[in-house]
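Report on the following structure.
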Amino acid sequence: MKDFELTDEEMQMYLHKIEIDITESCNLACVSCVRGCNIFKSDVMISLDKIRKFVDESIELNYQWERIGIMGGEPTVHPQLPEIINILYEYHVFNPSCQFWTRSNCIIPYEFPDWIEYQKNPDHSHHHAFYVSPQDVGFPMNKRACHVLYDCGLMYSHHGYLPCCNSNVHIRAFNLIDGVQSLKNVNYESMMKLCHIYCRHCGMYMMDNFESGYLLSYPVDYISETWQNALIKYNSINCRKTRV
Ligand code: SF4
Ligand code: SF4
Numbered sequence: 103m104k105d106f107e108l109t110d111e112e113m114q115m116y117l118h119k120i121e122i123d124i125t126e127s128c129n130l131a132c133v134s135c136v137r138g139c140n141i142f143k144s145d146v147m148i149s150l151d152k153i154r155k156f157v158d159e160s161i162e163l164n165y166q167w168e169r170i171g172i173m174g175g176e177p178t179v180h181p182q183l184p185e186i187i188n189i190l191y192e193y194h195v196f197n198p199s200c201q202f203w204t205r206s207n208c209i210i211p212y213e214f215p216d217w218i219e220y221q222k223n224p225d226h227s228h229h230h231a232f233y234v235s236p237q238d239v240g241f242p243m244n245k246r247a248c249h250v251l252y253d254c255g256l257m258y259s260h261h262g263y264l265p266c267c268n269s270n271v272h273i274r275a276f277n278l279i280d281g282v283q284s285l286k287n288v289n290y291e292s293m294m295k296l297c298h299i300y301c302r303h304c305g306m307y308m309m310d311n312f313e314s315g316y317l318l319s320y321p322v323d324y325i326s327e328t329w330q331n332a333l334i335k336y337n338s339i340n341c342r343k344t345r346v
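Next up, the structure:
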């Protein structure tokens, strides 16, 4: 895979947008959920310590985030959402120009404070296939990572800092290494190293942008062989964990 080849301006934008996945759990199971909530099910909730670390480091390093998303899974299922918002508020006070936003399926009504843009997203009928590995369908890995990287920016989760907002499901499905643990070590090179690992099996690699690309030629519920094998393994490990 080629490097992402961003201009300096694009790189700055990429490194200053982030989505925080506060949970891997969701109260829906939409077909081809890019966060894995339909088939790679998980109840993991981010800890308050992790959120505290994110805010403290961002302030200490005077990191000027332009955009911070509070995401999941479904963010409103996190039982400590009010506490998370209180901690993030400290960054809002530190850098009022940073745009906070969240997106929810609205099943659980929640009153977000007005400094957080609340995107209500109850309609999930627009999904396309996701679990299609380029190697399974002969798609060459000879271009740069997909547009999601640049459009959505980084991700922070219980795995640390990750190169894009769909990274969590790759770690879960393929048992991959965690992300970068400190904001001090987040840079283009460290994120690209991870991208080279995560993008290998990602259907989004075959998209040109959100509306077009080779991935759209597959039915929405298509799961290619590599993902099917990962799912069998994931379910067997999680069955064993449940029985212990
Ligand atoms: S509501 Fe969103 S996070 Fe939940 S399953 Fe549907 S697409 Fe995934
Ligand atoms: S191809 Fe997948 S893993 Fe790679 S940047 Fe795009 S969404 Fe992320």
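Per the working numbering, residue 103 is the first one in the sequence shown, and the count goes up by one each step. Think of the CB as a built atom: it goes at the ideal place given N, C-alpha and C, for glycine as much as any other residue.
Check, Outcome
"Please list, in chain order, all residues of the same chain as K295 whose beta carbon is under 8 Å from its beta carbon, the five residues on each side excluded.", "none"
"Got a sec? Which residues, its chain only, sit under 8 Å from G138 by beta carbon, not counting five neighbours each side?", "E126, S144, N270, V271, R274 and A275"
"Could you give the residue range of the beta strand (DSSP E) that holds E121?", "K119 to D123"
"By the three-class DSSP mapping on this structure, what secondary structure does W203 have?", "strand"
"Measuring from the CB of L183, is there a heavy atom of ligand 1 at a distance below 7 Å?", "no"
"When we look at the beta-carbon of I172 and count the other beta-carbons within 10 Å, is it buried (16 or more) or exposed?", "buried"
"Measuring straight from C-alpha to C-alpha, what distance separates H303 and Y316?", "14 Å"
"In angstroms, rounded to a whole number, what distance separates the CA positions of H180 and I186?", "9 Å"
"Comparing C-alpha positions only, which one of H230, K155 and Y263 sits nearest to H118?", "Y263"
"So, at 6 Å on beta carbons, what are the nonlocal neighbours of Q221 in its own chain, with the 5 sequence-adjacent residues on each side left out?", "R205"
"Just checking H303 against ligand 1 - is the residue's beta carbon closer than 7 Å to any of the ligand's heavy atoms?", "no"
"What do you reckon, is the C-beta of N270 under 7 Å from a heavy atom of ligand 1?", "no"
"Less than 8 Å between the C-beta atoms of I124 and I170, yes or no?", "no"
"When the distance is taken between beta carbons, is H249 closer than 8 Å to N311?", "yes"
"Going by other Cβ atoms of all chains shown within 10 Å of its Cβ, with 16 needed for buried, is G240 buried or exposed?", "exposed"
"Measure the alpha-carbon distance for C128 versus C135 and round it to whole angstroms.", "10 Å"
"Under 7 Å: does the beta carbon of C266 sit that close to some heavy atom of ligand 4?", "This structure lacks ligand 4; the ligands present are ligand 1 and ligand 2."
"Excluding the 5 residues preceding and the 5 following L163 in the sequence, name in chain order all residues of the same chain whose CB lies nearer than 8 Å to its CB.", "L285 and K286"
"Identify every residue that forms a DSSP beta bridge with Y220.", "T204"
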